[in-house]
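S.K.: My questions all concern the structure below.
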Amino acid sequence: MVSQLGLIVAALLPMASGGFSEPLFADVEPEMIDVSASENEFAPLTSNFHPNIAGFNWVWGYDETDQFKDRNHGDKSVGYMVVDLDFYTTTFTENSYLLLVHTKTTAVSGSIADSSGQQGFDKKYDLSRLTVVVDCPRIQDLDNDYFSGRVVPITYWPISPNDDSRKIGSYSYTSEFGISLELNASVEAGLSTANGVSISGGAGASITIGYSSSSTVTAADPAFSSAEYDEDQSKYNAYFYQIDYARYGRIAYTMDTYSLYEVSNSTYGFNSNSFVIRFFVEMEVVRDMWLGNVFAHYETIQYSKGFRYNLGYNPTNVRYYA
8 MVSQLGLIVA
18 ALLPMASGGF
28 SEPLFADVEP
38 EMIDVSASEN
48 EFAPLTSNFH
58 PNIAGFNWVW
68 GYDETDQFKD
78 RNHGDKSVGY
88 MVVDLDFYTT
98 TFTENSYLLL
108 VHTKTTAVSG
118 SIADSSGQQG
128 FDKKYDLSRL
138 TVVVDCPRIQ
148 DLDNDYFSGR
158 VVPITYWPIS
168 PNDDSRKIGS
178 YSYTSEFGIS
188 LELNASVEAG
198 LSTANGVSIS
208 GGAGASITIG
218 YSSSSTVTAA
228 DPAFSSAEYD
238 EDQSKYNAYF
248 YQIDYARYGR
258 IAYTMDTYSL
268 YEVSNSTYGF
278 NSNSFVIRFF
288 VEMEVVRDMW
298 LGNVFAHYET
308 IQYSKGFRYN
318 LGYNPTNVRY
328 YA
């Protein structure tokens, strides 16, 4: 499969309010992969390494590695990313289920790849920024006027240090069908743990989610930001996660994210327990950081992929909306 990639100069910048500017996927429609609920084919990394999350059923996963050439500095690669996505579901109410999207993105700059003995990488490139976006839109088949169930973003982690509204122990969610979900104050959600979440309870009762390491990223460099994209709630059910180095990161950085949604089974024309996920990642690398950033050269690379799970068929004339 050919991923949609681009070497561009624009960057996605956090706004002072803690939100984000127009999403990096505003003008990018990812390649969509249609997956049947009975399909058991998945990439080899996913088959071995997807986290086991108590209380959730793992339904599908995907992984891919991509290298990117620098258009201005010859044929060597500026770095590569390994992306790994896993989708989990669990019954929430009689009319809805919880969808948990776990992403694991490792960004390896040219300098790190070269120092580890890998061939064909430009050792002058270091990591500057990594952004991950997860979107769970509804889908409408415009030919038949079929549509999928309502999607409600619940919460996400890790969270930014200044996001007091979503600190563990202070955030709760009540379904439109009257079931409550509480975050467990005794344990928290993690950035780098493979088993970062568990769930207790079930349909018709309150559900508690617990975590195994800190839900708040407090490191000064790289700075971490996360937010729900709410500038246009008619288009996106998206969460953003971003790390940004003050100078450069000479490290292979791995970002784990968890995005939690409630999805209604009230579909028309599509199967119940169906959903759409759009995934976007942007890696920025920098070279020539001598004399501060006066002569710095940046390359920004985008990767995108979409997944349509258990729709029942593969519609071609569609729109995605919140």
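Sequential numbering from 8 applies to the sequence shown in our numbering.
We put the beta carbon where it would ideally sit given N, CA and C, even for glycine.
(1) Assuming leucine 137 and serine 116 are in contact, meaning their beta carbons sit under 8 Å apart, how far apart are those beta carbons, in whole angstroms?
(2) Determine the extent of the beta strand (DSSP E) in which alanine 329 is found, giving its start and end residues.
(3) Hey, could you find the ends of the alpha helix (DSSP H) aspartate 121 is sitting in?
(4) So if DSSP puts proline 160 in a beta bridge, which residue, or which two residues, is it bridged to?
(5) Give the C-beta separation of asparagine 324 and aspartate 148 to the nearest angstrom, bearing in mind that I take them to be a contact with Cβ-Cβ under 8 Å.
(6) Contact defined as beta carbons within less than 8 Å: I believe proline 144 pairs with arginine 315. What is the distance between those atoms, to the nearest angstrom?
(7) By the 10 Å Cβ neighbour count, where 16 or more other Cβ atoms means buried, how is glycine 256 classified, buried or exposed?
(8) Mind reading off the beta-carbon distance from tyrosine 265 to tryptophan 164? Whole number of angstroms is fine, and I expect it under 8 Å.
(9) With 16 as the cutoff for other CB atoms within 10 Å, does aspartate 91 come out buried or exposed?
(10) Assign leucine 92 to one of three DSSP states: helix, strand, or coil.
(11) Let me know if arginine 326 comes out buried or exposed under the rule of 16 or more other beta-carbons within 10 Å of its beta-carbon.
(12) Using the three-state DSSP reduction, which class does alanine 44 fall into: helix, strand or coil?
(13) Using DSSP with H/G/I as helix, E/B as strand and the rest coil, what is tyrosine 236?
(14) Out of Ala44, Tyr104, Gln125, Thr100, point me to the one whose CA is closest to tyrosine 268's CA.
(15) Between the Cα of tyrosine 320 and those of Met262, Asp121, Met290, Phe154, spot the shortest distance and give me the residue it belongs to.
(16) Which word fits glycine 313, buried or exposed, when buried means at least 16 other C-beta atoms lie within 10 angstroms of its C-beta?
(17) Taking all protein chains shown into account, do 16 or more other C-beta atoms lie within 10 angstroms of the C-beta of glycine 68, making it buried, or fewer, making it exposed?
(18) Within the continuous beta strand (DSSP E) that includes isoleucine 284, where are the two ends?
(19) Tell me, to the nearest whole angstrom, how far the beta carbon of threonine 360 is from that of asparagine 278; I am working on the premise that it is less than 8 Å.
(20) Within 10 angstroms of its Cβ, does glycine 217 collect 16 or more other Cβ (buried), or is it exposed?
(21) How far does the beta strand (DSSP E) with phenylalanine 314 in it extend, from its first residue to its last?
(22) Rounded C-beta distance between asparagine 272 and glycine 156? I'm assuming under 8 Å.
(23) Taking the alpha-carbon positions, what's the proline 229 to arginine 254 distance?
(24) Compare the C-alpha of alanine 114 against each of Met290, Thr98, Asn317, Gly127 and name the closest.
(25) With a CB to CB cut of under 6 Å and the five nearest residues on each side skipped, what residues in its chain are close to proline 51?
M.R.: This is what the structure gives:
(1) Incorrect: roughly 10 Å between the Cβ atoms, too far for contact.
(2) No beta strand (DSSP E) contains alanine 329, which DSSP labels as neither H nor E.
(3) 117-122
(4) According to DSSP, which records beta bridges pairwise, proline 160 is partnered with Tyr268.
(5) Separation of the CB atoms of asparagine 324 and aspartate 148 is rounded to 7 Å, and the pair is thereby assigned contact status at 8 Å.
(6) So it is not a contact: roughly 10 Å between Cβ atoms.
(7) buried
(8) 5 Å
(9) buried
(10) In the displayed model, leucine 92 falls within a strand according to three-state DSSP.
(11) exposed
(12) Alanine 44 falls in the coil class under three-state DSSP.
(13) coil
(14) Tyr104
(15) Phe154
(16) Glycine 313 comes out buried.
(17) buried
(18) 282-294
(19) Limits of the chain in this structure are 8 at one end and 329 at the other, which puts residue 360 out of reach.
(20) Residue placement at glycine 217 cannot be trusted, given a pLDDT of 49 that sits under 50; the coordinates are not used to answer.
(21) 304-316
(22) 6 Å
(23) 9 Å
(24) Met290
(25) Confidence at proline 51 is low in this model, with a pLDDT of 45, below 50, so the placement of that residue should be treated as unreliable; the coordinate-derived value is given next. Excluding positions up to five away in sequence, the list is empty.
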